[in-house]
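Take a look at the structure set out below.
In my numbering, the protein residues as written are 1317 to 1377.
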């Protein structure tokens, strides 16, 4: 499932405190052989310059 939201963040590329579009989705990450953990992947895109940043965040189930 993918969700999208908007948030005001500081863009390190253009320096603006710009609204960013954040797309979130749950992904499976193999932390050890045969051990898979759910994590949240966020892709943030600056609406001013188009700079993208991906973040993988621990997700507590």
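Note that CB positions come from ideal geometry on N, CA and C, so glycine has one too.
Nearest neighbour of residue i, chosen from the options [CA to CA]
i: residue 1335; options: 1359, 1369, 1354 and 1322; result: 1322
i: residue 1339; options: 1364, 1345, 1350 and 1356; result: 1356
Per DSSP, the bridge partner or partners of residue i
i: residue 1340; result: 1319 and 1358
i: residue 1325; result: 1334
i: residue 1352; result: 1346
Inter-residue Cα distance where the pair is residue i and residue j
i: residue 1341; j: residue 1333; result: 24 Å
i: residue 1330; j: residue 1362; result: 9 Å
i: residue 1343; j: residue 1325; result: 24 Å
heavy atom of the ligand GTP below 7 Å from residue i C-beta
i: residue 1329; result: Annotation note on the ligand GTP: not contained in the displayed structure, which lists no ligands.
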